[in-house]
Amino acid sequence: MKIKVAGTGLTKFGELWSKDLLDLALDASNDAINESRLTKNDIDAVFMANMLHGKLTGQDHLGALVASSLGIKGASFRVEGACASGGLAVHLAIQSLLAGTYKNVLVVGAEKMTDAHVSEIISALMGAGSEQERKAGLTFPALYALMAKAHMQKFGTTRNHLASVSVKNHYHASMNEKAQFPFEVSMEKVLESPVISSPFTLFDASPITDGAGAVILTSDSTTPGVFITGSAVATDSVDLSSRKSLLEIAATKQASIKALKQAGVEIKDIHLAEVHDCFTIAEILAMEDLGFCKKGLGGEFVQKGHTRLGGKIPVNTSGGLKACGHPVAATGVKQIIEITHQLQKRAGKRQVEGANVGLTHNVGGSGATVVVHILQS
Amino acid sequence: MSTPVAIWRQHKTLSPYLNKVGKLIVWTKIFVAPSGFEHQTPYLVGIVDFGDHKMPLQIVDCEEADLKLNLKVITVIRKIGKAKAEDVIEYGVKVKPL
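Those sequence lines, one after another, are chains A and B.
The working numbering applies: residue 1 is where the first sequence begins, and numbers increase by one.
The working numbering applies: residue 378 is where the second sequence begins, and numbers increase by one.
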């Protein structure tokens with residue numbers, strides 16, 4: 001696969017009251033185009049990832065809206081796959097480059113969430129769940145809480161294991177000026193924060209965030225950039241209870257096996273990863289399902305510091321969804337940007353020494369859609 | 378919440394799900410709810426194994442302390458969410474301890 005990330009653009013993540021969705025998408029896109037040294041005339045297509053904007057504001061047709069606002073006349077698409085929208089947009093853009101349809105494309109993921117009331121956001125996000133889950137009054141924190149409870153029952157995973165994910169990701173975010181929460185938190189702070197859905201407290205959950213990320217992808221071998229050598233998507237049931245097991249996200253296994261095979265590497269060759277820690281249990285499951293540790297030992301693996309900067313396999317050096325923030329459709333693109341910057345040795349204080357091979361893992365819903373990418377310098 | 382015609386359509390499908398006995402395999406207590414469920418917080422939701430299929434269902438008529446792994450539960454019909462005065466009231470399946 002000869003696809004490169006030729007440019008990146010990322011807004012600050014957080015409560016950005018002075019910016020609307022289009023402002024965010026354009027800011028990130030213009031930065032990515034400028035960094036790539038291409039011009040807007042060189043961009044053949046725009047892939048715009050977004051999950052919630054139509055539902056929250058009534059504004060749809062976002063592909064054309066962003067492309068035309070940028071002055072790009074080529075093809076434009078809106079891509080939606082719940083919280084995996086960004087990763088899916090990158091995957092689709094890569095397929096269009098591999099097919100030879102386009103040569104240079106812009107992928108932008110953006111979400112404007114903080115204008116809406118919390119209960120509206122919770123309901124809108126449940127569009128990624130099943131009808132029966134909505135009728136049961138379930139929320140995404142609750143769906144992942146059910147997975148956490150099952151993991152605790154089966155493997156003895158503890159509240160401290162879960163909390164250690166949050167503590168570690170806040171530590172990483174403290175070195176990321178783009179993060180929504182660029183500060184550290186203590187184990188006590190996580191454990192003593194209000195319960196949102198047992199066993200989760202507030203600090204087990206990623207926040208409601210505004211933000212955008214954009215990348216320029218190219219098949220032009222003369223353009224400098226980091227290579228994307230593997231890109232795969234896998235699908236499972238939207239309804240959590242219909243899955244074979246609550247102890248894993250099977251689509252993570254399937255997508256990662258395909259992506260690693262495409263890249264010609266094994267999981268032991270990965271130097272760092274950005275994984276989908278929408279809730280603390282999600283990062284523990286990702287460690288196990290990607291193969292960084294054995295099933296059932298993910299909590300211990302994180303608590304021992306193996307995924308911390310300087311550890312065996314640094315995970316979520318950006319701060320992850322938990323502390324960098326989770327503007328839903330921007331997340332999958334932000335993961336690509338973080339790994340790109342790490343492989344280009346421009347991650348500043350959170351730079352992983354010797355990073356040459358990285359992995360991104362983006363999950364939609366409670367595991368119905370999983371996108372895995374492998375990047376190499 | 379669902380439209381009146383969607384509620385009418387869905388009510389026709391409820392009867393096969395009633396009076397079924399299953400086992401509670403996992404549960405959570407929800408303190409932050411989506412629109413239409415805020416008045417119920419905190420409330421219990423679990424996954425129930427009916428042998429041939431599993432379903433996510435609200436658990437009623439009990440406290441969290443009453444719940445345990447593999448607890449036998451039975452389906453009942455109850456109101457779903459909160460309807461406004463002019464809306465059609467939506468009913469659906471929940472479970473209570475047997």
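Quick reminder that beta carbons are idealized off the backbone N, C-alpha and C, glycines included.
It should be emphasised that the depicted structure is a prediction, and the values quoted were computed from it without experimental measurement.
Chain B has a Cβ within less than 8 Å of the Cβ of V195 of chain A. The beta carbon of F13 of chain A is closer than 7 Å to those of K178, A179, Q180, T209, G211, C324, G325, P327 in its chain, skipping five residues each way along the sequence.
Taking C-alpha positions only, A205 of chain A is separated from T222 of chain A by approximately 42 Å. Using a Cβ-Cβ cut-off of 8 Å, A460 of chain B does not count as an interface residue toward chain A, since no Cβ of chain A sits closer than that to its own.
Under DSSP, Q435 of chain B shares a beta bridge with B:V422. Excluding the 5 residues flanking it on each side, H341 of chain A has same chain C-beta neighbours closer than 8 Å at T8, A347, in chain order. Rounded to the nearest angstrom, the Cβ distance from G86 of chain A to G230 of chain A is 17 Å, too far for a contact under 8 Å.
Between T360 of chain A and I339 of chain A, the C-beta spacing is below 8 Å. Non-local C-beta neighbours of A410 of chain B in its own chain, meaning closer than 6 Å and more than five positions away in sequence, comprise T418, ordered along the chain. Chain-ordered, the chain A residues with CB closer than 9 Å to the CB of E415 of chain B read S119.
Annotation for L260 of chain A: G230, E266, I267, I374 place their beta carbon closer than 7 Å to its own, counting only its chain and skipping 5 residues before and after. Restricting attention to alpha helix (DSSP H) runs no shorter than 4 residues, the region 280-306 of chain A encloses them at 280-290, 298-303, ordered along the chain. In terms of Cα proximity to R37 of chain A, the closest of A:S186, A:V190, A:G225 is A:G225. A residue is called buried when at least 16 other Cβ atoms come within 10 angstroms of its Cβ; R350 of chain A meets this threshold and is buried. The region 153-168 of chain A and the region 128-141 of chain A do not touch, with fewer than three beta-carbon pairs separated by less than 8 Å. The C-beta of S412 of chain B comes closer than 8 Å to at least one C-beta of chain A.
D289 of chain A places its beta carbon 8 Å or farther from that of L321 of chain A. The shortest C-alpha to C-alpha distance from Y102 of chain A to any of A:I121, A:G109, A:D115, A:G74 is the one to A:G74.
In this structure, I424 of chain B and I402 of chain B form a Cβ contact; the two beta carbons are roughly 5 Å apart against a cut-off of 8 Å. Taken in chain order, the complete beta strand (DSSP E) segments of 3 or more residues contained in the region 159-236 of chain A are 195-197, 211-218, 226-235. The residue from B:Q387, B:A462, B:W404 with its alpha-carbon nearest to that of Q153 of chain A is B:W404. Secondary structure of M1 of chain A (DSSP, three-state): coil. With 16 or more other CB atoms across the displayed protein chains lying within 10 angstroms of its CB, E300 of chain A is buried.
The beta carbons of G367 of chain A and D236 of chain A sit closer together than 8 Å. Excluding the 5 residues flanking it on each side, I94 of chain A has same chain C-beta neighbours closer than 6 Å at I3, S231, in chain order.
A distance below 7 Å between beta-carbons, with the five flanking residues on each side excluded, links H388 of chain B to the following residues of its chain, in chain order: Y468.
The C-beta of P207 of chain A comes no closer than 8 Å to any C-beta of chain B. Around the beta carbon of K149 of chain A, 16 or more other beta carbons sit within 10 angstroms, so the residue counts as buried. Looking at the DSSP output, M48 of chain A bridges to A:R78, A:V108.
Within the region 451-475 of chain B, the residues whose Cβ lies closer than 9 Å to some Cβ of chain A are I457, G458, E467, G469, V470, K471, listed in chain order. The three-state reading of DSSP puts V465 of chain B in coil, since its state is none of H, G, I, E or B. For the region 391-413 of chain B, residues whose beta-carbon sits nearer than 8 Å to a beta-carbon of chain A comprise I402, V403, W404, T405, K406, I407, F408, V409, A410, P411, S412, G413.
Under the three-state reduction of DSSP, V315 of chain A is assigned to strand. Taking a Cβ-Cβ threshold of 8 Å, the residues of chain B close to T139 of chain A are I407, V409, A410, P411, in chain order.
In this structure, the beta-carbon distance from I270 of chain A to G358 of chain A falls below 8 Å. For M126 of chain A, the chain B residues whose C-beta falls within less than 9 Å of its own C-beta are P411, listed in chain order.
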